[in-house]
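Q:
In my numbering, the protein residues as written are 12 to 271.
1. Can you name the residues that DSSP bridges to residue 13?
2. Could you give the DSSP three-state label for residue 69: helix, strand or coil?
3. Consult DSSP for residue 1 and reduce its assignment to one of helix, strand or coil.
4. Out of curiosity, what's the CA-to-CA distance linking residue 56 and residue 18?
5. With distances taken between CB atoms, is the gap from residue 14 to residue 25 smaller than 8 Å?
6. Alpha carbon to alpha carbon, how far is residue 173 from residue 166? Give it in angstroms, no decimals.
7. Using only alpha-carbon positions, find the residue among 250, 36, 30, 34 that is nearest to residue 42.
8. Using a Cβ-Cβ cutoff of less than 7 Å, which residues in the same chain neighbour residue 314 once the five nearest sequence positions on both sides are dropped?
9. Indicate the three-state DSSP secondary structure (helix, strand or coil) for residue 22 in the structure shown.
10. Can you tell me whether residue 143 is buried or exposed? The criterion is at least 16 other CB atoms within 10 Å of its CB, across all chains shown.
11. Is residue 28 buried or exposed, if buried means 16 or more other CB atoms sit within 10 Å of its CB?
12. Given a cut-off of 8 Å, decide if residue 21 and residue 38 are closer than it, judged by their beta-carbon atoms.
13. Exposed or buried, what is residue 245 when buried is set at 16 or more other beta-carbons lying within 10 Å of its beta-carbon?
14. Output the distance between the C-alpha atoms of residue 40 and residue 46, rounded to the nearest integer angstrom.
15. Please state whether DSSP places residue 61 in a helix, a strand or coil.
16. Please return the same chain residues whose Cβ sits closer than 8 Å to the Cβ of residue 233, not counting the five positions on each side in sequence.
Right under this line is the structure:
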């Protein structure tokens, strides 16, 4: 066992164990927690430093004294029970009590003056009732008119949105049609350009073919003898004239020029 483990187990310091072994057992060990301690030394150290438990003392428990009391039986005569009647209070209902006679005045007999004109109360009550009814009708009509106006405004807004949507759709279609016409024109121009090019290429091909066949089938003509003889005769006459001119003197040439 390690020295540190043994000290923790006995809850003492390492120095105390080392001192005990040196004094009592004449054994010297290193003062270090990892120092190994032989088993026989562990037993000696444990038996020396382990606290002795006190002997258990006998505990005398006194038993409580039990006091017995005499039980006296008393017999009480029981009389038969009589039914108990519970009287419910009766409710006394009184009839209607007449406190006093109330006389309701006749409104037609009550006179009220309004702006110098005398009216009876009945007429004023009817007039007030009619005014209240007219006011209620006016408020109801105003509410109905307001509802109609709000409905017309909503319907008008819906119609305007629908018209705007139709207009936008029409503008899109017109723009698409314009683009389609422009594209059609461009396509037609490109097709015409391609056709003109094909015609031109065909003409060039035919011209080259014609030139090729013309060059291939051209017959080489041999020069005739008559033009050659004529040229030789003219050349001979020219040579004779030159020779004659060289032989004549200037005076003779002058005379010959005069005679010619």
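Positions of the beta carbon are idealized from the N, C-alpha and C atoms, including for glycine.
No experiment lies behind these values; they were computed from the predicted model shown.
A: A quick look at the data gives this:
1. The beta-bridge partner set that DSSP reports for residue 13 consists of 47.
2. Any reading at residue 69 must be qualified, since the residue scores a pLDDT of 47, below 50, and its modelled position is unreliable; no value is offered.
3. Because residue 1 is not part of the residues shown, which for the chain are 12 to 271, the question remains open.
4. Pairing residue 56 with residue 18, the inter-Cα distance amounts to about 10 Å.
5. Taking C-beta atoms as the reference points, residue 14 and residue 25 count as a pair closer than 8 Å.
6. Taken atom to atom, the span from the alpha-carbon of residue 166 to that of residue 173 is near 10 Å.
7. Among 250, 36, 30, 34, the Cα nearest to that of residue 42 belongs to 30.
8. No answer is possible for residue 314: it lies beyond the span of the chain, which begins at 12 and ends at 271.
9. Collapsing the DSSP output to three states places residue 22 in coil.
10. With fewer than 16 other Cβ atoms inside 10 Å of its own Cβ, residue 143 counts as exposed.
11. A residue is called buried when at least 16 other Cβ atoms come within 10 angstroms of its Cβ; residue 28 meets this threshold and is buried.
12. Not closer than 8 Å, so no.
13. Label assigned to residue 245: exposed.
14. Rounded to the nearest angstrom, the two C-alpha atoms are 7 Å apart.
15. Reduced to three states, the DSSP call for residue 61 is coil.
16. Reliability of the predicted coordinates at residue 233 is poor, the pLDDT of 49 falling under 50, and no value is obtained from them.
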